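Novice: Here the first sequence is numbered in this note's numbering, starting from 177 and rising by one per residue. Ideal placement from N, C-alpha and C gives every residue a C-beta, glycine not left out. Computed from a prediction, not measured in an experiment: that's the story for all the values here. Sharing a structure below in structure tokens format, with a few things to ask.
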Amino acid sequence: MDEKYFPEAIEEKWQQRWLASRVFEVEIDSSKPKFYALEMLPYPSGFLHMGHVRNYSIGDALAWYKRLKGFNVLHPIGWDSFGQPAEQAAIKRGVNPRDWTEENIVQMRGQLQRLGLSYDWSREIAAHRPDYYKFDQWFFLKMYERGLAYKKMTQVNWCPNDQTTLSNEQASGGICWRCGWAVEKKDLEQWFLRITDYADQLLDEMAEIETGWAEKVLKRQRDWIGRSRGAFVDFKVKDSDENIRVFTTRIDTIYGVNAIVVAAEHPLIAHHFAEISAEARQTIEKIRLDKLKPANREVEAEKEGTPTGLSALNPFSGEQIPIWVANYVLMEYGTGAVMSVPAHDQRDFEFAKKYDLPIPTVIAQSPKSEVQTPDQTESQITTAFSDYGILINSGEWSGKTSEGAKEEMTKVALEKGFGEAATTYKLRDWGISRQRFWGAPIPIIYCGDCGIVPVPESQLPVELPDSAPFNEVGESPLARVPEFVNTTCPKCGSDKARRETDTMDTFVDSSWYYFRYCDPRNPEMPFAPEVIAQWLPVDQYIGGDDHAVMHLIYTRFWTKVMRDLGLVKFDEPVKRLMTQGMVIGETFFEIIPNETDPQEEGKRVYYPKEAVRIERDAKGKLTNATLKENGTPLKFAVERMSKSKGNGVNPDEMIQIYGADAARLYVLFSAPVENELVWNDAGIEGAVRFIQRVYRFVWRWQTALLNAPEQEPNEFSAEARKLRQKTHQTIQRVESDFERLQLNTPVAALMELSNALGDVRADPETAAADVLFAVKEAINALVLMLTPYAPHAAEEMFAALSGSDRGILHSDAKFPQFQAELAKKDEIEIPIQVNGKLRSRLLVASETSKEELESLARADEKTREYTDGKQVVKVVVVPNRLVNIVIK
RNA sequence: GUCGGGAUGGCGGAAUUGGUAGACGCCCAGGACUUAAAAUCCUGUGCCUUUAGGGGCGUGCGGGUUCGAUUCCCGCUCUCGACACCA
């Protein structure tokens, strides 16, 4: 240990030792409880950003804490290395995506290691390597066998100029991002996974993880799945033998139907196209075209529609009602047709108002309701009444409750053959086909004679060729690699067979990666089931809430499929999920006004901090910012860190200036994990100062402490007792906060303990045995509890204090043992309130009785200033807490 | 619009079940050390008021429950986020 704290030297030294001694590599060990700490694996962009640093610092702190608590901790990392950016790099710079990806991995692995993260590097995996994606393909085949993978026609965004499909983002505004042509919808055959089969399980088995996942994540998943229970009802189309089927959750309102409204794409429209007037056809065509444009998310589209001239018959009332087409009915949901009940559905209400349709009221708030009664004239209604209530104007059903009517009417519909109970979902099957090169090839062969033939398991992996013509536009680049495409049919041996040229969505890779960590080199299977049984489920998963729906639903789905394949024995893969907040920082920008539309806010042009002259007031608040170059006044805000906003912080620079320990400590200390974290350079300096203080203390005391007797003294001075009390209070706080996953407050507790050590006045050389003992106990505890936050410094100090540099995990060091009797205060301060206002304080022995506290409080001089001459109504005494005297 | 989260000093934040609001850190101010600066250490730091001792106010706003409310209940305001015609 050097006298001065040099993070660079200490960090490099311990990082090398950790790697050399393989101290974080684990095997199954039945003598210890297991703990699986998992963080979301990064995409290898080449550069770590502060969001990663935060994510991995949280995970690493938990991993260290659990190790010190005696757990066998699995803490792995890998690379989500398939995906668009590698292919973009290939197109833009002509590099090979594989080389680009591998280089980035080397870069980022170095960055992770410089942060000193305690990963088991022997388990590192990467999605783009054949030994990994072989099993993406293996799972695909298993799902295909079970009918869970299937092919169907679907609409995609298509640029006719570039001959390529576009994602919704690339088709933003209805024009191609690359060439500016109008985007079309095109039907394309795509592979899907039948996640909808698992919709109910995905909802119902949430019960198993409710306590460990943030409610906001579960809620988003519930909304995403969007289960809705109701009924299908068939309305007879007049003068036809057709029925039109609607889905409704409110069959009880069926006497209030004023129209059937269908989507423009509804088959009924095509069937009866000849009967529809030219004017109506025009409107229908307009609606259809409008729907092809990407939606404007800012404003809800104006409701628009047209009557078709067709009519339908209400199966309950027998009433004849018109059939309309409207833009607010979605073909993709339910049956693409709804029964319009304007009095009790806001959307139908707005539509009816616009086109002056009747608004019959059939639900009243109560039998004697003042709202929505039949006496009320339609014009008085300003909004739909969509709550449950009592049926009115509903023939024989009048007087029943909504709940009762729903059930009975559904039953009647079933009996009479014009309907049935039904459940619908927003969740769609998972389309996994991508017309991309840099992904796992879908292991399917098309044979002229045999049709769709899955690649036999023995021929896996279907490997990507080294390269493909990336610069060509069009369908999947693989389609232009003849050596890849042309193959023999595994079934009939014909050499005219062609391979599927689409690759899989990268969310496939990330759906099961953390299972592979458990058995990363298994050549036969994605993993051995008995190994999974030892490590999974994941005890703590940590990541950003941007993955709340996609990734986290897909991986739950994948787990359930693996369970049904007999590979795993549980329903839910992740017991506890923590979603960390974003890292944000100050941004400086200029607003260039929008010339075409001065109402709209103009474009923001961002400048990096270095280019800005910043003025702050005496208290440090940012008051003014101008461009250094020419004094242009700038606006400022606090926004998500990103390169384009010029407010990013480079982790390597942070490590270089302050050290990895300080950066990690700062990130964990300055905000609760779920909050946003505002980056502040001054804060990280505070973290350095704290580490330095502890370090200096250890340096000053190490010799004296090494030579101190092991034996616990019989007597402790008041000062030593006070220090021991603080030590044990700190242990308790740190431990309970960690168990609650609250990682910022333990740092505050450790700082307090450090401050208490700073208050020790004794000199190391001359300190009495009891003080030496108390100091040794305190500093040992402090250093160990600091490990999760600043592992390098902790190792260094631990070595100095123990006189051995084997390392914390190779010694028998454990998380310090809390001793309640030592933490107890013998004297406590009791506040005295008069009518709830603090008036005095009492210093008493802890556990002073109620009676004694009351008499002490009444006798207290300061208190008597307020109570003398007044009538005491009541005295509330809470032992060890407070006294409240109530006077009149 | 619907749903969900949030609002505490100049700032990040703390306060297990209602019980001393503002721990800890940052910023800032003053002091010690130094020829000087940096670093370090010490002190102060919610607001208003007072010569002082002290007093008053204070957890977004308005009510309520309670001896006592940042915490529980009712009604608002603002804000961040998700979804957005899902029948």
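What separation, rounded to the nearest whole angstrom, lies between the Cα atoms of Q868 and L933?
Specialist: Within the first sequence, numbered from 1, the residue matching residue 868 stands at position 692. Within the first sequence, numbered from 1, the residue matching residue 933 stands at position 757. Computed Cα separation, rounded: 14 Å.
Novice: Around the Cβ of C668, are there at least 16 other Cβ atoms within 10 angstroms (buried) or fewer (exposed)?
Specialist: Along the first sequence, one-based indexing puts residue 668 at 492. It counts as exposed.
Novice: Check whether the Cβ atoms of A1070 and M177 sit closer than 8 Å, and answer yes or no.
Specialist: Limits of the chain in this structure are 177 at one end and 1064 at the other, which puts residue 1070 out of reach.
Novice: Below 8 Å on the Cβ atoms is my guess for T484 versus I463; work out the distance and round it to an integer in Å.
Specialist: Looking up residue 484 in the first sequence gives position 308. Looking up residue 463 in the first sequence gives position 287. Wrong, their Cβ atoms sit about 12 Å apart, outside the cutoff.
Novice: Give a yes or no on whether the C-beta atoms belonging to W500 and G481 are separated by under 8 Å.
Specialist: Looking up residue 500 in the first sequence gives position 324. Looking up residue 481 in the first sequence gives position 305. Contact annotation: W500 and G481 have beta-carbon atoms nearer than 8 Å.
Novice: Among the residues of its own chain, which have a CB less than 6 Å from the CB of M701, if the five just before and after it don't count?
Specialist: Your numbering for residue 701 matches position 525 in the first sequence. Excluding sequence neighbours, M701 sits near nothing in its chain.
Novice: Which residue from P183, T963, Q716, E706 puts its Cα closest to that of G742?
Specialist: The residue you call residue 742 lines up with position 566 of the first sequence. Closest option to G742, Cα to Cα, is E706.
Novice: Looking at the strands, I want to know which residues DSSP matches up with I1004.
Specialist: The residue you call residue 1004 lines up with position 828 of the first sequence. V1020, per the DSSP bridge assignment.
Novice: Using a Cβ-Cβ cutoff of less than 8 Å, which residues in the same chain neighbour P261 once the five nearest sequence positions on both sides are dropped?
Specialist: As a first step, residue 261 must be located in the first sequence, where it is residue number 85. Same-chain partners within the cutoff: Y219, S221.
Novice: For the alpha helix (DSSP H) holding G859, just list the boundary residues, first then last.
Specialist: As a first step, residue 859 must be located in the first sequence, where it is residue number 683. Run containing G859: 857 to 882, per the alpha helix (DSSP H) assignment.
Novice: Please report how far the alpha carbon of A863 lies from the alpha carbon of V854, in whole angstroms.
Specialist: In the first sequence, counting from the first residue as 1, residue 863 sits at position 687. In the first sequence, counting from the first residue as 1, residue 854 sits at position 678. In this structure, the straight-line span from the alpha carbon of A863 to that of V854 is close to 15 Å.
Novice: With DSSP as the reference, identify every bridge partner of R675, one or two as the case may be.
Specialist: Working through the first sequence from its first residue, we reach residue 675 at position 499. Beta-bridge partners of R675 (DSSP): I621.
Novice: When we look at the beta-carbon of N1060 and count the other beta-carbons within 10 Å, is it buried (16 or more) or exposed?
Specialist: On the first sequence, position 884 is the one that residue 1060 refers to. N1060 is buried by the Cβ-count criterion.
Novice: Note down the Cα distance separating P784 from F200, rounded to an integer number of angstroms.
Specialist: The sequence position of residue 784 within the first sequence is 608, counting from 1. The sequence position of residue 200 within the first sequence is 24, counting from 1. When rounded, the distance between both Cα atoms is 39 Å.
Novice: Using the C-alpha atoms, what's the distance from K210 back to Q993?
Specialist: Counting from one through the first sequence, the residue named residue 993 turns up at place 817. Counting from one through the first sequence, the residue named residue 210 turns up at place 34. Those two C-alpha atoms are separated by around 20 Å.
Novice: Relative to the C-alpha of D715, which residue among N272, W734, Y690 is closest?
Specialist: Sequence index remark: in the first sequence, residue 715 carries index 539 (1-based). Of the listed residues, the one whose Cα sits closest to D715 is Y690.
Novice: Closer than 8 Å is the cut-off here; do at least three beta carbon pairs connect the segment 839 to 855 with the segment 305 to 320?
Specialist: no
Novice: To the nearest angstrom, how far is the alpha carbon of S978 from that of L882?
Specialist: As a position in the first sequence, residue 978 is number 802, starting the count at 1. As a position in the first sequence, residue 882 is number 706, starting the count at 1. S978 and L882 have their alpha carbons spaced roughly 7 Å apart.
Novice: Where K902 and P1055 are concerned, what is the direct C-alpha to C-alpha distance, given to the nearest angstrom?
Specialist: The residue you call residue 902 lines up with position 726 of the first sequence. The residue you call residue 1055 lines up with position 879 of the first sequence. Cα to Cα, K902 sits roughly 22 Å from P1055.
Novice: Tell me the residue span of the alpha helix (DSSP H) that contains M585.
Specialist: Translated into the one-based positions of the first sequence, residue 585 becomes position 409. From DSSP, the alpha helix (DSSP H) with M585 extends over 578 to 591.
Novice: If we ignore side chains and look at the alpha-carbon of each, how far apart do A801 and L917 end up?
Specialist: For the purposes of this step, residue 801 is identified with residue 625 of the first sequence, where counting begins at 1. For the purposes of this step, residue 917 is identified with residue 741 of the first sequence, where counting begins at 1. If you take the alpha carbons of A801 and L917, they lie about 39 Å apart.
Novice: Between the alpha carbons of R396 and N231, how many angstroms are there, rounded?
Specialist: Mapped onto the first sequence, residue 396 falls at position 220. Mapped onto the first sequence, residue 231 falls at position 55. Taking the straight line from one Cα to the other gives about 21 Å.
Novice: Pull up the distance between the alpha-carbon of N661 and that of G607, whole angstroms please.
Specialist: Within the first sequence, the letter at position 485 stands for residue 661. Within the first sequence, the letter at position 431 stands for residue 607. Reading off the sequence, residue 661 comes out as Val, not Asn. Cα atoms of V661 and G607: separation of roughly 22 Å, rounded to the nearest angstrom.
Novice: Would the beta-carbon of T1039 fall within 8 Å of that of I1063?
Specialist: Numbered from 1 along the first sequence, position 863 holds the residue referred to as residue 1039. Numbered from 1 along the first sequence, position 887 holds the residue referred to as residue 1063. Cβ distance not < 8 Å, so T1039 and I1063 don't count as in contact.
Novice: Along the chain, where does the beta strand (DSSP E) that runs through Q283 open and close?
Specialist: Translated into positions along the first sequence, residue 283 becomes position 107. Unbroken run through Q283 is the alpha helix (DSSP H), 273 to 290; no beta strand (DSSP E).
Novice: Using CA coordinates, which residue listed in A407, L486, F764, L962 is at the minimum distance from D837?
Specialist: The count along the first sequence starts at 1 and reaches residue 837 at position 661. Measuring from the Cα of D837, the nearest candidate turns out to be L962.
Novice: If you draw a straight line from the alpha carbon of K1001 to that of Q908, how long is it in whole angstroms?
Specialist: On the first sequence, position 825 is the one that residue 1001 refers to. On the first sequence, position 732 is the one that residue 908 refers to. K1001 and Q908: Cα-Cα distance of roughly 14 Å.
Novice: Between the Cα of L506 and those of Y531, L244, D466, spot the shortest distance and give me the residue it belongs to.
Specialist: Locating residue 506 in the first sequence gives position 330, counting from the first residue. When each option's Cα is compared against that of L506, the closest is D466.
Novice: Got a sec? Which residues, its chain only, sit under 8 Å from Q548 by beta carbon, not counting five neighbours each side?
Specialist: By one-based count along the first sequence, residue 548 stands at place 372. Confidence at Q548 is low in this model, with a pLDDT of 46, below 50, so the placement of that residue is unreliable and no value is reported for it.
Novice: Please determine, among R285, Y431, A945, Y834, the residue with the shortest C-alpha to C-alpha distance to Q887.
Specialist: Locating residue 887 in the first sequence gives position 711, where the first residue counts as 1. It is A945 whose Cα lies nearest to the Cα of Q887.
Novice: CA-CA distance, D913 and L238?
Specialist: Taking the first residue of the first sequence as position 1, residue 913 is located at position 737. Taking the first residue of the first sequence as position 1, residue 238 is located at position 62. Separation of D913 and L238 (C-alpha to C-alpha, rounded to the nearest whole angstrom) is 11 Å.
Novice: Under three-state DSSP, which class holds P964?
Specialist: Within the first sequence, numbered from 1, the residue matching residue 964 stands at position 788. In the structure shown, P964 sits in coil (DSSP, three-state: anything other than H, G, I, E or B).
Novice: Can you list, in chain order, the residues of its chain whose CB lies under 7 Å from that of S820, leaving out five sequence neighbours each side?
Specialist: Here the question's residue 820 lines up with position 644 in the first sequence. The residues are Y782.
Novice: Would you say D296 and L250 are within 8 Å of each other, going by their C-beta atoms?
Specialist: Position 120 of the first sequence holds residue 296. Position 74 of the first sequence holds residue 250. Yes.
Novice: Nearest CA to the CA of S846: which residue from T735, I860, G286?
Specialist: In the first sequence, counting from the first residue as 1, residue 846 sits at position 670. Minimum Cα distance to S846 is reached at I860.
Novice: For E384, which residues in the same chain have their Cβ closer than 8 Å to its Cβ, ignoring the five residues on either side in sequence?
Specialist: Walking along the first sequence from the start, residue 384 turns up at place 208. Here the set comprises D747, E748.
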